[in-house]
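One structure is given here, and the rest of the page talks about it.
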Amino acid sequence: MTKTPVIEVDRLDVRYGDFHAVKDLSFQVRHGELYALLGTNGAGKTSTLEVIEGHRKPTSGTVRVFGHSPEDRRAVRPRMGIMLQESGFSPDLTVRESIRLIGSLSGRSDEVGRVLGIVSLTEKAGTKVSQLSGGEKRRLDFATAVFGAPELIFLDEPTTGLDIQSRDALWDAVDRLREQGATIVLTTHYLEEAQQRADRIGLMHRGTFHREGTVTELTRTLPAVIRFALPEAATPPLHAARGSNGSFLVETFELQKDLHLLLGWAHDHDVELNELQAGPTRLDDVFRAIGTA
Amino acid sequence: MLSIALSELVQIFRNRLVLVNSIIMPAAVSAFFIYRHEVFASVASLGYIAAVVMFTVGAFGLYTSAVTTLAARRQNLFLKRLRSTAAPDTGILAGLLLPVTALALVQVSVILIVLAAVASQPANVFLLVAAVLAMMAMMIGLGLATAGLTNSPEHAQVTTLPVSLGVIAVTSWVGISGTEELTLLKRLLPGGAATELVLNAWNGGVALGESLVLLAPTLSWVVVAVALASRLFRWEPRR
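Protein chains in written order, with the numbering used here: chain A, 312 to 604; chain B, 16 to 254.
Pasting the structure below:
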């Protein structure tokens, strides 16, 4: 991963009549990184992506992709693969025909058989798109995005509707593309995927960034949580909120230290910590914090 | 563009409804007119039969098919998919419309050749070719404009009716009553001038220069339709 920006968004504004979908948004996506654009419903993610992909003109502001306007298809699209959120295939074409058609228009070259293999659709090559399941259509969508191994790949809700094996296969394919230097822009509602894989995250709310940074940077402003239950007579050594049925909740910015203290106390006093759960702050918690902000 | 056109052709031949609407139905109507050409020629002229079969193919085989194709491809986001590639917008539209245009051109050509074979040959083939090409350009332009107002293939059954029935009505009106009266109105209506051009080309008796002027109203409709299309055409469904 290098610092060279592949995508540069500067003071982007998108309006639909009176509705201000994206407000004064600026960010960069660097070469080789996996950048996750996340947000609440209606946050402006899709509008932002559509401008970056060249599907929509901004109301104001500038967007550059590989140094070009995203609307300059001839310059940009051969270097870019797009996995749309919705299928968008012709139902009367077969899987092979669909990949061949979109591949031939991508400005890149590849072998249809190889791409079919990546998404495990080789056996469905002669099947009409109308006869595919939702998950198979998502895999077909991914296949057209990675045809010819583009340098920049947009993955819009890539794993929605996929079973666990297909998800793993898709992420394996993404990992291989990243090893070759591909830059990935991801939007997803599966926050654990972003938490595990994103180098940086742009967290949108009401048309602009609520926060931007690495997972660690985003989560460190919120405390981690330790949950446990104790027998009635026992009192924990930490400041803990008491819940029902003897349960306790500890919020801490020093998870390891406090957990060590709690476990030592339980050992020394021969107390069993029932239903013990401890974990770092998750993106889910950051999202919930947006909702209550 | 050619890869899009090829895939469209494949889809036309895989979709029976499109096949019937765009090829079989216009061919059947045309076959009826040619079979009964003596009756229709006695009411109007052979030029009228040529004009009415030309516009039947133009209205149903070309215009309606173009609107239905574009609406269907937009509804299932195939247009957005194509726009996610490096293909330019003009190349995408040309690729999508090339098969229906080529099929309509072949149909009109075959039908008019059959009419010439069973009845009599046109007086001026050049004028006839000019009329056919002008008519096709007008119907494609109107198709692009109408597609902007059409949300789905089902909706196309309604939105295409005014133009489809309108041009066939104008053709019959001009073809049967001629343009001696209400000349300007008949020539300015969509299909009116093209019909008169076909009448002149098939029946003869009109100077070439006088006939060529009739291309102007039809080509003006092309300009109007393309201008409308540039304002109305949408690549994605309404949100």
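Using N, Cα and C, we set each Cβ at its ideal position, and we do this for glycine too.
Remember, it's a predicted structure, so these values are computed and weren't measured experimentally.
Residue closest to residue i, alpha-carbon to alpha-carbon, out of the options
i	options	result
A/A505	A/E344, A/D335 and A/Y327	A/E344
A/T470	A/A460, A/V374, A/G459 and A/R450	A/R450
A/T359	A/H342, A/H379 and A/D335	A/D335
B/A209	B/G220, B/L223 and B/V182	B/V182
A/F458	A/D467, A/E364 and A/V430	A/V430
A/Q491	A/E364, A/A480 and A/L463	A/L463
B/T105	A/I537, A/R384, A/A551 and A/H500	A/R384
B/T83	B/H52, B/G224, B/K95 and B/V115	B/V115
B/S45	B/A74, B/R98 and B/E225	B/A74
B/R51	B/I27, B/Q90 and B/L130	B/L130
A/E586	A/R390, A/V423, A/S558 and A/E468	A/S558
B/L180	B/A102, B/T79 and B/L223	B/T79
A/G378	A/K356, A/H331 and A/V387	A/V387
B/A101	A/V406, A/A589, A/Q339 and A/P381	A/P381
A/S409	B/L214, B/F141 and B/L21	B/L21
B/G207	B/R253, B/A146 and B/S99	B/A146
A/T563	A/N556, A/P591 and A/T494	A/P591
B/G224	B/A171, B/N139 and B/W236	B/N139
B/W236	B/A216, B/W217, B/L204 and B/E251	B/L204
A/F598	A/S401, A/Y501, A/R322 and A/T438	A/Y501
B/F141	B/A132, B/L113, B/A216 and B/A81	B/A216
B/I27	A/G372, A/T357 and A/P402	A/P402
A/M394	A/T357, A/V333, A/H366 and A/E468	A/E468
B/G156	B/S135, B/V144, B/P137 and B/V178	B/V178
B/R253	B/L176, B/F48 and B/L92	B/L92
B/K201	B/V213, B/V185 and B/L214	B/V185
A/K439	A/V536, A/V406 and A/L574	A/V406
For residue i, the first and last residue of its enclosing beta strand (DSSP E)
i	result
A/L323	P316 to Y327
A/R341	F330 to R341
B/Q90	Here B/Q90 belongs to no beta strand (DSSP E); instead the alpha helix (DSSP H) covers S80 to Q90.
A/G590	N585 to G590
B/F75	No beta strand (DSSP E) holds B/F75; DSSP gives it neither H nor E.
A/G350	L345 to G350
Straight-line gap, residue i to residue j (C-alpha atoms, nearest Å)
i	j	result
B/G219	B/V35	34 Å
A/G353	B/G76	42 Å
A/P636	A/R517	Nothing can be reported for residue 636 of chain A, as the shown portion of chain A is limited to 312 through 604.
B/Y63	B/R31	31 Å
B/V221	B/S167	44 Å
B/S57	B/E195	19 Å
A/L594	A/Q507	10 Å
A/H342	A/A460	15 Å
B/I128	A/E364	49 Å
A/Q567	A/W576	14 Å
A/I601	A/D324	21 Å
B/G110	B/A117	11 Å
A/E543	A/H331	54 Å
A/A456	B/V238	38 Å
B/V189	B/Q90	37 Å
A/R322	A/D329	19 Å
A/I413	B/T174	30 Å
A/S477	A/S441	20 Å
A/V374	A/F453	25 Å
B/A119	B/I38	8 Å
A/R538	A/K448	41 Å
A/V526	A/R511	7 Å
A/L416	B/S18	8 Å
A/R425	A/G437	15 Å
B/L148	B/A86	24 Å
B/Q172	A/M391	38 Å
First and last residue of the uninterrupted alpha helix (DSSP H) at residue i
i	result
B/L32	R31 to L34
B/V54	H52 to V58
A/V561	Here A/V561 belongs to no alpha helix (DSSP H); instead the beta strand (DSSP E) covers S558 to T563.
A/A386	R384 to V387
A/L621	The displayed coordinates of chain A run from 312 to 604. Any statement about residue 621 of chain A would go beyond what the structure contains.
Go through the region 353 to 377 of chain A residue by residue and report every complete run of the beta strand (DSSP E) that reaches 3 residues or more, in order. DSSP runs (the beta strand (DSSP E)) wholly in the region 353 to 377 of chain A: 371 to 376.
Only counting runs of 4 or more residues, tell me where the alpha helix (DSSP H) segments fall wholly within the region 391 to 458 of chain A, in order along the chain. Counting whole runs of 4 or more residues, the region 391 to 458 of chain A contains the alpha helix (DSSP H) stretches 406 to 416, 423 to 429 and 445 to 457.
Can you give, in chain order, each stretch of the alpha helix (DSSP H) that sits fully within the region 456 to 539 of chain A and has at least 4 residues? Entirely contained in the region 456 to 539 of chain A, the alpha helix (DSSP H) runs reaching 4 residues are, in chain order, 475 to 490, 502 to 508 and 526 to 530.
Report yes or no: do three or more beta-carbon pairs, one from the region 161 to 176 of chain B and one from the region 240 to 249 of chain B, lie closer than 8 Å? Result yes; three or more Cβ-Cβ pairs closer than 8 Å.
Note down, one range per segment and in chain order, each alpha helix (DSSP H) of at least 4 residues found wholly within the region 162 to 233 of chain B. Segments of the alpha helix (DSSP H) lying fully in the region 162 to 233 of chain B: 168 to 174, 176 to 192, 198 to 203, 207 to 218 and 223 to 227.
Give a yes or no on contact between the region 63 to 71 of chain B and the region 119 to 128 of chain B, applying the rule of three or more CB pairs nearer than 8 Å. Yes: the two stretches touch, three or more of their Cβ pairs being nearer than 8 Å.
I want to know whether the region 473 to 487 of chain A touches the region 420 to 436 of chain A - three or more CB-CB distances under 8 Å. Touching, yes, given that three or more Cβ pairs across the two stretches are closer than 8 Å.
Touching by the beta-carbon criterion (3+ pairs, under 8 Å), the region 577 to 588 of chain A and the region 526 to 533 of chain A: With fewer than three CB-CB distances shorter than 8 Å, the region 577 to 588 of chain A does not count as touching the region 526 to 533 of chain A.
Curious, which full-length alpha helix (DSSP H) runs of at least 4 residues does the region 83 to 140 of chain B contain? The region 83 to 140 of chain B contains these whole alpha helix (DSSP H) runs: 93 to 98 and 104 to 133.
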